[in-house]
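Let me begin by presenting the structure, written as structure tokens, before commenting on it.
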Amino acid sequence: MLRRTKIVATLGPASSDQKVLERMVRAGVDLVRMNFSHGSVQDHVKRAETVRAAAAAVGRTVGILADLQGPKIRVGKFESGKIVLNKGDIFILDAAFDGLGNQERVGLDYKDLPNDVSKGSVLLLNDGMLEFDVVEVKGQEIICKVVRGGVLSNNKGINRKGGGLTAPALTEKDKEDIKTAALIKADYLAVSFPRSADDMKLARELMHAAGGKSLLMAKIERAEAIPALGEIIEASDAIMVARGDLSVEVGDAAVPGLQKRMIKMARAKNRLVITATQMMESMISSPIPTRAEVSDVANAVLDGTDAVMLSAETAVGEYPVETIEAMARICLKAEREVEEHVFDRRIVQHKFARVDQSIAMSALFAASHFKVKAIIALTQSGSTPLWMSRMNAGVPIFALTPLRETLSKVTLFSGVHPIEFHSKARGQADEWHQIEETI
């Protein structure tokens with residue numbers, strides 16, 4: 094049984110070696126995420142070359158996702174690298190302070206934060222591990238009372254509970270990194286913290302201006318993005334359910350329901366969706382996942398996600414290959430439980446915008462009613478297998494194309510398997526014979 098759900102692995106120190114990458118590809122990686130928060134242009138070029146060399150050595154196509162850093166709002170650095178804050182302490186976030194932080198204050202990389210908060214605002218630091226109440230804003234100083242203490246170390250992130258920070262989605266660094274993504278021919282470009290469709294439209298314009306053809310992915314991680322979900326999805330080719338920052342802003346209890354809603358909306362609009370953040374977190378240092386992690390991955394599959402993503406697990410973890418193997422097993426098991434009885438109703442209710450889309454759906458409908466072992470889609474752009482992948486007919490879809498860029502993009506489509514195919518046929522019968530030999 095071929096796995097439908099795709100696996101995205103983040104590149105890092107634990108997975109930068111080509112031999113390790115080859116093992117990861119054999120284990121089931123379909124798309125590699127390159128975190129543009131770290132590295133130079135030369136680093137990214139070299140990493141992309143290594144990924145493609147590893148995939149070629151294994152005989153598979155692996156896509157590349159370039160992930161922009163976005164407006165990460167962070168504290169500065171401390172004299173001792175970190176401090177410990179206790180409940181009731183008064184601590185100052187100082188946008189005008191450029192020195193090393195101490196037990197009383199620390200600087201900020203986002204200088205407009207004092208304008209975005211007021212007395213009564215709640216700030217969450219280090220992914221929500223620490224909680225501050227803002228008691229006063231005095232010029233460039235945000236005077237806070239510690240509600241939940243803990244260790245605060247260099248460059249930890251800051252979120253405002255409920256959202257409301259006005260930092261733009263695309264920083265100057267991001268704009269330069271889009272040029273790099275175009276240079277390395279990234280298949281997907283992930284935009285961090287978009288608040289509206291305008292953020293995605295700007296990213297697309299910048300990508301086109303750089304001569305790139307990357308598909309655009311919106312990372313849903315701001316509270317403000319939730320009411321704008323419809324327009325953001327419409328303006329994107331894919332979305333990422335980025336549960337880390339999102340859970341800090343909207344509350345962790347709200348995320349499972351939002352995950353289901355986002356996946357459903359994306360599939361209804363023929364958009365791709367990745368579910369991410371802490372899916373196999375314990376495997377950073379453990380050779381096996383926890384039961385909760387197994388359920389989390391399986392639940393994302395049952396929700397209908399196109400892909401599940403690994404971050405630190407493969408970037409810095411001790412068991413990158415074993416993590417991928419475990420995730421692949423979980424996905425396969427969960428896929429056997431996916432209910433298919435709603436397929437017919439969805440086809441009947443679906444409104445087709447194009448003739449070729451209706452033909453693709455007709456083929457999918459027929460395949461679900463006969464004992465078909467696979468669907469073969471000849472494609473140039475990848476649109477036909479994308480439409481087919483939005484519904485589960487219970488059979489694999491093989492996307493045959495001569496275009497390398499289409500092969501790489503298809504790696505994210507659930508249930509679709511890319512195959513390079515150059516037709517040399519003189520007629521239809523001859524072409525089908527060539528297809529059979531290729532498959």
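Just so you know, we're using our numbering here: the sequence shown kicks off at 94 and counts up by one. Don't be surprised by glycine CBs; every beta carbon is placed ideally from N, CA and C. The model shown is predicted, which means the values in this text are computed figures rather than measured ones.
Per DSSP, residue i is paired with what?
| i | result |
| --- | --- |
| residue 408 | None, per the DSSP bridge assignment. |
| residue 458 | Note: residue 458 sits in no beta bridge, so no partner. |
| residue 171 | 194 |
| residue 99 | 400 |
| residue 200 | 187 |
| residue 156 | 124 |
| residue 243 | 178 |
| residue 333 | 312, 367 |
| residue 491 | 469, 510 |
| residue 452 | Paired residue(s): none; residue 452 is not in a bridge. |
| residue 253 | 216 |
| residue 283 | 160, 310 |
To which residues of the same chain is residue i closer than 6 Å at the C-beta, ignoring the five residues directly before and after it?
| i | result |
| --- | --- |
| residue 347 | none |
| residue 97 | 428, 507, 508 |
| residue 105 | 408, 409 |
| residue 116 | 414 |
| residue 169 | 194, 199, 200 |
| residue 176 | 196, 245 |
| residue 396 | 353, 356 |
| residue 285 | 161, 163, 312 |
| residue 256 | 315, 316, 317, 342 |
| residue 583 | Since the first residue shown for the chain is 94 and the last is 532, residue 583 is missing from the structure and cannot be characterised. |
Sorted by chain position, which residues of the same chain lie with C-beta nearer than 8 Å to residue i's C-beta, five sequence neighbours on each side aside?
| i | result |
| --- | --- |
| residue 109 | 140, 143 |
| residue 166 | 201, 202, 203, 206, 250, 251, 252, 258, 260 |
| residue 515 | 495 |
| residue 38 | Residue 38 lies beyond the residue range present for the chain, which begins at 94 and ends at 532; the question has no answer from this structure. |
| residue 121 | 96, 100, 417, 418, 420, 421 |
| residue 46 | Residue 46 cannot be examined here, being either before or after the span of the chain that is shown, 94 to 532. |
| residue 211 | 227, 230 |
| residue 373 | 382, 386, 390, 403, 406, 416, 419, 420 |
| residue 113 | 107, 413, 414 |
| residue 187 | 198, 199, 200, 201, 233, 234, 235 |
In chain order, what residues of the same chain lie with their CB nearer than 7 Å to the CB of residue i, ignoring the 5 residues before and after it?
| i | result |
| --- | --- |
| residue 327 | 290, 362 |
| residue 306 | 498 |
| residue 500 | 154, 494, 511, 513 |
| residue 179 | 239, 242 |
| residue 434 | In this predicted model, residue 434 has a pLDDT of only 45, less than 50, meaning its place in the structure is not dependable; the value taken from the coordinates is given anyway. Closer than 7 Å at the Cβ level, and outside the excluded window around residue 434, lies no residue. |
| residue 380 | 412, 415 |
| residue 146 | 111 |
| residue 107 | 407, 408, 409, 410, 413 |
| residue 324 | 289, 290 |
| residue 375 | 382, 383, 386 |
Using a 10 Å radius around the Cβ and a threshold of 16 neighbouring Cβ atoms, would you call residue i buried or exposed?
| i | result |
| --- | --- |
| residue 384 | exposed |
| residue 320 | exposed |
| residue 94 | exposed |
| residue 517 | exposed |
| residue 99 | buried |
| residue 137 | buried |
| residue 174 | exposed |
| residue 532 | exposed |
| residue 459 | exposed |
| residue 473 | exposed |
| residue 280 | buried |
| residue 430 | exposed |
| residue 148 | buried |
| residue 103 | buried |
| residue 225 | buried |
| residue 449 | exposed |
| residue 292 | buried |
| residue 126 | buried |
| residue 134 | exposed |
| residue 191 | exposed |
At least one CB of chain D closer than 8 Å to the CB of residue i: is that the case?
| i | result |
| --- | --- |
| residue 211 | No chain D is part of this structure, which consists of one protein chain only. |
Going by the C-beta, is residue i closer than 7 Å to any heavy atom of the ligand FMN?
| i | result |
| --- | --- |
| residue 355 | Ligands in the displayed structure: none, and consequently the ligand FMN is not present. |
If we count Cβ pairs, one from each stretch, closer than 8 Å, do we get three or more for the segment 448 to 461 versus the segment 396 to 415?
Not touching, per the Cβ criterion.
Are the segment 259 to 279 and the segment 211 to 221 touching by the rule of at least three beta carbon pairs closer than 8 Å?
Too few Cβ pairs lie closer than 8 Å, so no.
Extract the residue ranges of the alpha helix (DSSP H) inside the segment 206 to 237, only unbroken runs of 4 or more that lie entirely within it.
Scanning the segment 206 to 237 from its first residue to its last, the whole alpha helix (DSSP H) runs of 4-plus residues come out as 206 to 209.
Can you give, in chain order, each stretch of the beta strand (DSSP E) that sits fully within the segment 298 to 323 and has at least 3 residues?
You should have 308 to 313.
Ordered list of beta strand (DSSP E) runs contained in the segment 350 to 434, each at least 3 residues
Whole beta strand (DSSP E) segments, 3+ residues: 365 to 369, 400 to 403.
Inter-stretch contact (C-beta, 8 Å, three-pair minimum) for the segment 227 to 238 and the segment 130 to 140:
With contact defined as three or more Cβ pairs closer than 8 Å, the segment 227 to 238 and the segment 130 to 140 are not in contact.
For the 8 Å Cβ check, are there 3 or more pairs between the segment 295 to 303 and the segment 272 to 279?
Touching, yes.
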